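Asks: Quick one: this structure, given as C-alpha cells, is what I'll be asking you about.
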Amino acid sequence: MSASFLILLALLSIAALVLLIVVCKVHAFVALLLVSVGVAIAGGVPLVEIPALVQEGMGRTLGYIAVVIGIGTMIGEILRVSGGARQIANTLVRRVGEPRAPWGLTVIGLIVAIPVFFEVALILLIPLVYDLVRRTGRSMLYYGIPLVAGIAVAHSFIPPTPGPVTVAALIGADLGWVIVFGLLAGIPAAIIGGVYFGRYIGTRIHTGVPHHVPADEPVSEDGVERKVPGVGVVLAIISLPLVLILLNTAGNVWLAEGSDLRQWLSFIGHPFTALMAALLLSFYFLGTRLGFTRNEMQQVATRSMEPVGMIILLTGAGGVFGRVLVETGVGDALADMMTTTNLPIVLFAFLIAAGIRVLQGSATVSMVTAASLVAPLLAMGDYSAPLTGAVVIAIASGATVLSHFNDTGFWLVKQFMGLTERQTLLSWTIMETIIGLVGLSVILVVSLFL
1 MSASFLILLA LLSIAALVLL IVVCKVHAFV ALLLVSVGVA IAGGVPLVEI PALVQEGMGR
61 TLGYIAVVIG IGTMIGEILR VSGGARQIAN TLVRRVGEPR APWGLTVIGL IVAIPVFFEV
121 ALILLIPLVY DLVRRTGRSM LYYGIPLVAG IAVAHSFIPP TPGPVTVAAL IGADLGWVIV
181 FGLLAGIPAA IIGGVYFGRY IGTRIHTGVP HHVPADEPVS EDGVERKVPG VGVVLAIISL
241 PLVLILLNTA GNVWLAEGSD LRQWLSFIGH PFTALMAALL LSFYFLGTRL GFTRNEMQQV
301 ATRSMEPVGM IILLTGAGGV FGRVLVETGV GDALADMMTT TNLPIVLFAF LIAAGIRVLQ
361 GSATVSMVTA ASLVAPLLAM GDYSAPLTGA VVIAIASGAT VLSHFNDTGF WLVKQFMGLT
421 ERQTLLSWTI METIIGLVGL SVILVVSLFL
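Residues 1 to 450 in my numbering are what the sequence shown lists, from first letter to last.
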C-alpha cells in the first residue's frame, strides 16, 4: 500500500475515534477496539489474524501496566483514608504561611497527586483553598490555580500516575528517565502556570467560596476519629518508589552490565518491586499503626480498584491500536512523513497529542492514542533511552494544553471553584496551556543534548 494511503488511514482512524467518542457517545475503550479492527481490515490484515492481533496488543500492554496502576492506586487510597494527604497539606501551609501559600499549594498538589488521581487530589485539598479564601478575602483563583497546577503536572508528568506510566509502557520508555524529565519540565511549568499565572488571574477575576461539603476526616468503623500519620512517614512512602526507580536508571547508566550491584538495583528499582515495597510500608505505617483492622485495610485495597478498571482496559485498547498500526505499516508511513517534514520527534509527538486533546477532550485518551501513533516511529529509529523518556513528557505536554468543554477536568474545576464557563476558560484553560507549552519548551531544549 502507498504511504499516502497509510497516512490517510491514520488520519481517518483519529477522526473515527473522535466521531465515536464525542458525537456517538461510544465509550473510549469500545471505540479504540472498533477503530483498531477497522484499521486492520482497511490495512490488509487477513481477517483470521485480527483476533490474535487484538489479543497480542492487549496482553503485551496489560502485562506491565495493570500491575503498576493497581499497586499505585492502592497506595493512593491508603494515603487518602489515613489522612496522610491532608496532613502534608496542613503542615506545609502552616509552615510557609499565608504570604507564600500559593507556592505551598503548588508543592502540595505536586506531592499529593503523584499517588492519587486528579479528582481525588482536588477533593482532598480544595478545602485548604476555601479556608485561605475565607481568612484573606482573596479570589478563589489566587490560591486555587496554584493548587490545580501542581495536581495537573503530577497527574500528567510524574509516574506512577496512570498517564505517563501508560505512555512509557506503550513506547518502551524507562520510567526513571520519565521521572527525571517529568520533574525537570513539570516544576517550572507548575510555577509559571500555577504561582505566577494564578497571581495574575486572581487579581482580575474575583470569586468567593462556593457551597461545597469538605472531605470527611478519616474515621474507624465505630465512628471514632483516628490519629493521623506523621508528615515524614508519608513523604518517605511517596518518595520511596521514585528513588528506587531512579537508582535503577542510574545503575543502568553508570554500572557495568552484569555486575552484582546493577542486578540488585534492577530488581529493587523495577516499578513492580519499588511500588510493592511502598505498598507494604503503607499497609503498616498508614494502616496497622494507626489502628486500622485487617478487615478495614482489605476494604480500602478493594475499594481502590473500583475506579481503575476502565483505565486499565483503556490502556490495553491503546496497546491494540498501536499494534495494529505497526502491523498495517502505518508506523513506517508516519516515520517517512516525519523525516520529510524534518520535525524533531518530541515536537511531532507533542503536536499529535495536542491535536487529539483538542478534538476529543480526555487527556488519557489523547496520551494513549498519541503514544500508539508514535511507538512505531521509536521502534524503527535509533533513539536513546533518555530521548524516549523525553518523548513521554512531550506527549504529556500535548495532552495537557487547551482543556475546554469536552474535558471532565474543566467541569470539575468549574464546580469546585464556583466559576462560570467564561471564568474557567480564562483561568483553567489558559493555565493548562501554559503548563503544556512550558513542558514542551523544556523538553525541546533538553532533547538538543540527548
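Ideal Cβ positions, reconstructed from N, Cα and C, are used throughout, including at glycine.
Remember, predicted model here, so these are calculated numbers, not experimental data.
Could you pull the start and end residues of the alpha helix (DSSP H) that N342 belongs to?
Replies: On the sequence shown, residue 342 is found 342 positions in, with the first residue counted as 1. First-last for N342: undefined, no H or E at that position.
Asks: Please report the straight-line C-alpha distance between F348 and I268, rounded to a whole angstrom.
Replies: The sequence position of residue 348 within the sequence shown is 348, counting from 1. The sequence position of residue 268 within the sequence shown is 268, counting from 1. If you take the alpha carbons of F348 and I268, they lie about 34 Å apart.
Asks: Within this structure, are the beta carbons of A394 and V438 separated by less than 7 Å?
Replies: The residue given as residue 394 occupies position 394 in the sequence shown. The residue given as residue 438 occupies position 438 in the sequence shown. No, the Cβ-Cβ distance between A394 and V438 is not below 7 Å.
Asks: Could you tell me how far apart the beta carbons of L124 and A85 are, in whole angstroms, since I believe they sit closer than 8 Å?
Replies: The residue given as residue 124 occupies position 124 in the sequence shown. The residue given as residue 85 occupies position 85 in the sequence shown. Contact flag correct, Cβ pair sits at about 5 Å.
Asks: Measure from the alpha carbon of P386 to the alpha carbon of each residue in I179, L34, R95, then state which is nearest.
Replies: Translated into positions along the sequence shown, residue 386 becomes position 386. With distances taken between Cα atoms, P386 lies closest to I179.
Asks: Along the chain, where does the alpha helix (DSSP H) containing E482 start, and where does it finish?
Replies: No answer is possible for residue 482: it lies beyond the span of the chain, which begins at 1 and ends at 450.
Asks: Taking all protein chains shown into account, do 16 or more other C-beta atoms lie within 10 angstroms of the C-beta of L11, making it buried, or fewer, making it exposed?
Replies: The count along the sequence shown starts at 1 and reaches residue 11 at position 11. Classification of L11: exposed, given that the 10 Å Cβ count is below 16.
Asks: Can you check which of these residues, M380, T288, I434, is closest to S82 by C-alpha distance?
Replies: Residue numbering aside, residue 82 sits at position 82 when the sequence shown is read from its first letter. The candidate whose alpha carbon is nearest that of S82 is T288.
Asks: To the nearest angstrom, report how far apart W177 and Y284 are at their CA atoms.
Replies: Stepping through the sequence shown from its first residue, residue 177 is reached at position 177. Stepping through the sequence shown from its first residue, residue 284 is reached at position 284. Roughly 30 Å between the two C-alpha positions.
Asks: According to DSSP, simplified to helix, strand and coil, what is H155?
Replies: In the sequence shown, counting from the first residue as 1, residue 155 sits at position 155. The answer is helix: DSSP assigns H155 an H, G or I state.
Asks: Anyone know if the C-beta pair for L141 and G202 falls short of 7 Å?
Replies: Counting from one through the sequence shown, the residue named residue 141 turns up at place 141. Counting from one through the sequence shown, the residue named residue 202 turns up at place 202. Cβ atoms of L141 and G202: closer than 7 Å.
Asks: I need the DSSP call for M310, collapsed to helix, strand or coil.
Replies: The sequence position of residue 310 within the sequence shown is 310, counting from 1. Residue state, collapsed to three classes: helix.
Asks: If distances are taken between C-alpha atoms only, which option among I145, V231, K227, P241 comes closest to D194?
Replies: Working through the sequence shown from its first residue, we reach residue 194 at position 194. The sequence as given places Gly at residue 194; Asp does not occur at that position. If we check each option's Cα against that of G194, I145 comes out closest.
Asks: Within 10 angstroms of the Cβ of P214, are there 16 or more other Cβ atoms? Answer buried if so, exposed if not.
Replies: Along the sequence shown, read from residue 1 onward, the residue named residue 214 stands at position 214. Confidence is the limiting factor: at P214 the pLDDT is only 41, short of 50, which leaves the residue's position unreliable, though a coordinate-based value still follows. So P214 counts as exposed.
Asks: Determine the direct distance from the alpha carbon of R262 to that of T161, and round the result to whole angstroms.
Replies: Counting from one through the sequence shown, the residue named residue 161 turns up at place 161. Counting from one through the sequence shown, the residue named residue 262 turns up at place 262. So the two alpha carbons sit approximately 26 Å from each other.
Asks: Below 6 Å CB to CB, which residues in the same chain sit around R204 once its five sequence neighbours on both sides are set aside?
Replies: Position 204 of the sequence shown holds residue 204. There are no such residues.
Asks: Looking at A301: is its Cβ nearer than 7 Å to the Cβ of M74?
Replies: Here the question's residue 301 lines up with position 301 in the sequence shown. Here the question's residue 74 lines up with position 74 in the sequence shown. Their beta carbons are under 7 Å apart, which means A301 touches M74 by this criterion.
Asks: Alpha carbon to alpha carbon, how far is L170 from G319?
Replies: Sequence index remark: in the sequence shown, residue 170 carries index 170 (1-based). Sequence index remark: in the sequence shown, residue 319 carries index 319 (1-based). Those two C-alpha atoms are separated by around 6 Å.
Asks: With distances taken between CB atoms, is the gap from A429 to K414 smaller than 7 Å?
Replies: Residue 429 sits at position 429 when you count from the first residue of the sequence shown. Residue 414 sits at position 414 when you count from the first residue of the sequence shown. First, the amino acid is wrong: residue 429 is Thr here, not Ala. Cβ distance not < 7 Å, so T429 and K414 don't count as in contact.
Asks: Suppose contacts are defined by Cβ-Cβ distances below 7 Å. Is G355 in contact with S397 by that definition?
Replies: The residue you call residue 355 lines up with position 355 of the sequence shown. The residue you call residue 397 lines up with position 397 of the sequence shown. No, these two residues do not count as a Cβ contact at 7 Å.
Asks: Using a 10 Å radius around the Cβ and a threshold of 16 neighbouring Cβ atoms, would you call T328 buried or exposed?
Replies: Taking the sequence shown and counting its residues from 1, one reaches residue 328 at position 328. The residue in question, T328, is buried, as its Cβ has 16 or more Cβ neighbours within 10 Å.
Asks: Can you give, in chain order, each stretch of the alpha helix (DSSP H) that sits fully within the segment 378 to 435 and has at least 4 residues?
Replies: Runs found: 385 to 398, 408 to 417, 421 to 424.
Asks: Which term fits T293, buried or exposed, when burial requires 16 or more other beta carbons within 10 angstroms of its beta carbon?
Replies: Start at 1 with the first residue of the sequence shown, and residue 293 comes out as number 293. The residue is exposed, with fewer than 16 neighbouring Cβ atoms inside 10 Å.
Asks: Do A40 and I50 have their beta-carbon atoms positioned less than 7 Å apart in this structure?
Replies: Within the sequence shown, numbered from 1, the residue matching residue 50 stands at position 50. Within the sequence shown, numbered from 1, the residue matching residue 40 stands at position 40. Cβ atoms of I50 and A40: closer than 7 Å.
Asks: How about the segment 7 to 22 and the segment 359 to 368: do they share at least three Cβ pairs that are nearer than 8 Å?
Replies: Touching, per the Cβ criterion.
Asks: Given a cut-off of 7 Å on the beta-carbon distance, is the pair G186 and V153 in contact?
Replies: As a first step, residue 186 must be located in the sequence shown, where it is residue number 186. As a first step, residue 153 must be located in the sequence shown, where it is residue number 153. Yes. Within cutoff.
Asks: First and last residue of the alpha helix (DSSP H) that includes L246?
Replies: Taking the first residue of the sequence shown as position 1, residue 246 is located at position 246. That run of the alpha helix (DSSP H) goes 231 to 254.
Asks: Pop quiz: V229 and L286 are said to be a contact at Cβ under 8 Å. What is the actual Cβ separation, rounded to whole angstroms?
Replies: Indexing the sequence shown from 1 puts residue 229 at position 229. Indexing the sequence shown from 1 puts residue 286 at position 286. Correcting the residue type first, residue 229 is Pro in the shown sequence and not Val. Right, their Cβ atoms sit about 5 Å apart.
Asks: By the DSSP assignment, the alpha helix (DSSP H) with D260 in it spans what residues?
Replies: The residue you call residue 260 lines up with position 260 of the sequence shown. Where D260 is concerned, the enclosing alpha helix (DSSP H) stretches over 260 to 268.
Asks: What do you reckon, are the CB atoms on A278 and L325 nearer than 7 Å?
Replies: One-based indexing of the sequence shown puts residue 278 at position 278. One-based indexing of the sequence shown puts residue 325 at position 325. Contact flag unset, no.
Asks: Counting only runs of 4+ residues fully inside the segment 48 to 123, write out the alpha helix (DSSP H) ranges in chain order.
Replies: Complete alpha helix (DSSP H) runs here, min 4: 50 to 81, 84 to 96, 101 to 112.
Asks: Could you pull the start and end residues of the alpha helix (DSSP H) that I21 belongs to?
Replies: Here the question's residue 21 lines up with position 21 in the sequence shown. Premise fails: I21 is in no alpha helix (DSSP H) and is neither H nor E.
Asks: Please state the DSSP three-state secondary structure of G186.
Replies: Residue 186 sits at position 186 when you count from the first residue of the sequence shown. Of the three classes helix, strand and coil, the one that applies to G186 here is helix, per DSSP.
Asks: Can you tell me whether T166 is buried or exposed? The criterion is at least 16 other CB atoms within 10 Å of its CB, across all chains shown.
Replies: Translated into the one-based positions of the sequence shown, residue 166 becomes position 166. Classification of T166: buried, given that the 10 Å Cβ count is 16 or more.
Asks: In whole angstroms, what is the alpha-carbon distance linking N478 and V446?
Replies: Since the first and last residues shown for the chain are 1 and 450, residue 478 lies out of range.
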